[in-house]
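First to last, the protein sequences are chains A and B. Here the first sequence stands for residues 151 to 347, numbered as in the numbering used here. Here the second sequence stands for residues 151 to 347, numbered as in the numbering used here. Note that beta-carbon positions come from the ideal geometry of N, C-alpha and C, so glycine has one too. Everything below concerns the one structure shown next.
There are 2 protein chains.
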Amino acid sequence: MGRIKTEQNISRKEVIIQKAATLFKEKGFKAASMRELADIVGVEAASLYNHIKSKNELLNIICFDVANRYIQKMDEIENEKISSLDKLAKLLRYHIHGMIYHFDEVYVSDREWKHLDNPYLSNLQTQRRNYRKRIAAIIEDGIKKKEIKKIDAPTAVLIMLHAISGIESWHRSKQKISGKELEENMITILIGGLKNK
Amino acid sequence: MGRIKTEQNISRKEVIIQKAATLFKEKGFKAASMRELADIVGVEAASLYNHIKSKNELLNIICFDVANRYIQKMDEIENEKISSLDKLAKLLRYHIHGMIYHFDEVYVSDREWKHLDNPYLSNLQTQRRNYRKRIAAIIEDGIKKKEIKKIDAPTAVLIMLHAISGIESWHRSKQKISGKELEENMITILIGGLKNK
DNA sequence: TTTTTTAACACTAACGTTTGTTAGTGTATT
DNA sequence: AATACACTAACAAACGTTAGTGTTAAAAAA
């Protein structure tokens, strides 16, 4: 077989990672084999190890790439001078975009992080916990300012984040509404469910 | 080792199934091994096969037990003479109860069905698709009667079901609010997000 | 430009584990 | 006496990964 084909500015390693994300999404991390991944990449299994250290490294990279993107966005949004409800809506839209346009990595990061090995596992768990707390803080701020209903903030976070991960079934569905419509419907229901009066 | 301990009205097979559900939930179906399950049950791996046909049979049973319970409840609710929004709320509460009190099986059924083998795989997929359609029908009825906002019904279904599966993180969280509180908060946000005006 | 050197990368073969599962045998319970 | 059930031993297949060798593209030297 020939070499792994690369386009400009995208390394062979990145090709592997991206195909791994797709495979892990479809089969699950444990059920996906390196030989299968190699097939998809167009190379023998052993050759993958010229580019990566292990199967688990692939999962590490996928998970932390995603996590870091969300943390960065959170940093941005927290400092904006807009209402809590607007911050929430902005965050929500960012998550929805992620689920629509970077589906494979986001899905894997969400569902397969259990199979990370330490110290990556506990690192990611901590990151995720902190991230959820920052969202909860925005919500609590909104409740204090009476923009948002009096509800349990952690519960609201849990609903938000998991509702978004439901876009998974949108991807699988036959008659899809457009991404834009999906986004607006989700905002309507979720922000509508939080808004005071 | 001795025999598998059973209590009244619960067969050895059912003991295995229930411990399998817990194990599959914690490790994922593929990552969980029969030797591990045997350890938990308190028996050698080979002995499990006096009670079950295969590892996959365990998954089949878990998934279809759950699916059938929900379908049965749907049959009940559809025929009640109450508003669409009330039907939805009732269904929601049933799902929330399931996630709180039968967590292991429900979680496994939700996340590990990918690893079913045919014909069970396609059977379950069809069942799930139909189930979602029946929920969507209730929502569309509610929209027609102006009880519910004008939104895309399948999207609302997707949000509802996935929001509920978020109870998973409630289980994992340190400072849990009570199950009752969780239920009421979820109803507030989700039904609130759907209600017209 | 042409040639030589080097580094990147793909190959085959095999390793040690772990996997689900079966066969066959013995031992308790009915 | 018969049935239910647990045991030991072993199987074939699949797994992630390594070692060692060849090959091709890129960098350096001519």
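Residue-level contact to chain A via CB, residue i, 8 Å cutoff
i             : result
residue 221/B : no
residue 217/B : no
residue 309/B : yes
residue 265/B : yes
residue 323/B : yes
Backbone CA spacing between residue i and residue j [nearest angstrom]
i             : j             : result
residue 173/B : residue 152/A : 43 Å
residue 272/B : residue 256/B : 19 Å
residue 199/A : residue 180/A : 18 Å
residue 280/A : residue 262/A : 19 Å
residue 296/A : residue 232/A : 15 Å
residue 282/A : residue 230/B : 39 Å
residue 266/B : residue 294/B : 38 Å
residue 176/B : residue 156/A : 38 Å
residue 159/B : residue 168/B : 14 Å
residue 331/A : residue 195/B : 51 Å
residue 216/A : residue 250/A : 14 Å
residue 228/B : residue 240/B : 11 Å
residue 328/B : residue 178/B : 27 Å
residue 275/B : residue 268/B : 11 Å
residue 346/B : residue 248/B : 28 Å
residue 184/B : residue 205/B : 7 Å
residue 218/B : residue 189/B : 30 Å
residue 162/B : residue 220/B : 25 Å
Cutoff 6 Å; reference residue i; Cβ partners in own chain excluding five residues on either side
i             : result
residue 284/B : 224
residue 264/A : none
residue 304/A : 286
residue 378/A : Residue 378/A lies beyond the residue range present for chain A, which begins at 151 and ends at 347; the question has no answer from this structure.
residue 164/A : none
residue 270/A : 210
residue 214/B : none
Contacts around residue i, its chain only, beta-carbon distance under 8 Å, and the 5 residues preceding and following it disregarded
i             : result
residue 242/B : 310, 314, 336, 337, 340, 341
residue 344/A : 235, 238, 289, 292, 298, 299, 301, 306
residue 166/B : 154, 187, 191, 198, 201, 202, 208
Nonlocal neighbours in the same chain, by C-beta distance under 7 Å from residue i, ignoring five residues either side
i             : result
residue 226/B : none
residue 244/A : 223
residue 171/B : 212, 254, 255, 258
residue 323/B : none
residue 333/B : 243, 246
residue 320/A : 326, 332
Residue-level contact to chain B via CB, residue i, 8 Å cutoff
i             : result
residue 320/A : yes
residue 313/A : yes
residue 186/A : no
residue 272/A : no
residue 152/A : no
Task: Interface positions of the stretch 287-305 of chain A facing chain B (Cβ-Cβ less than 8 Å), listed along the chain - done: Listed by position, the residues of the stretch 287-305 of chain A near chain B (Cβ gap below 8 Å) are 299, 301, 302, 304, 305.
TODO: Check each residue of the stretch 232-248 of chain A: if its Cβ is closer than 9 Å to any Cβ of chain B, include it; give the result in chain order.
DONE: Result list empty, no residue passes.
TODO: Counting only runs of 4+ residues fully inside the stretch 203-230 of chain A, write out the alpha helix (DSSP H) ranges in chain order.
DONE: Listed in chain order, they are 205-228.
Open item on the list: Under 7 Å, CB to CB, which of the residues in the stretch 327-347 of chain B have a partner in chain A?
Closed with: Only 327, 331, 332, 335, 336, 338, 339, 340, 342, 343, 344 from the stretch 327-347 of chain B bring a Cβ to less than 7 Å from some Cβ of chain A.
Open item on the list: If we require 4 or more residues per run, which alpha helix (DSSP H) segments fall completely within the stretch 224-306 of chain B?
Closed with: Annotation: the stretch 224-306 of chain B contains the following complete segments of the alpha helix (DSSP H) (minimum length 4 residues), in chain order: 234-251, 253-261, 270-294.
Task: Members of the stretch 178-203 of chain B that neighbour chain A once the beta carbon cut-off is set at 7 Å - done: If the cut-off is 7 Å between Cβ atoms, the stretch 178-203 of chain B has 178, 180, 181 near chain A.
Task: Any alpha helix (DSSP H) of 4 or more consecutive residues that is wholly inside the stretch 305-333 of chain B - done: When DSSP assignments are scanned along the stretch 305-333 of chain B, the uninterrupted stretches of alpha helix (DSSP H) that are 4 or more residues long and fall wholly within it turn out to be 317-322.
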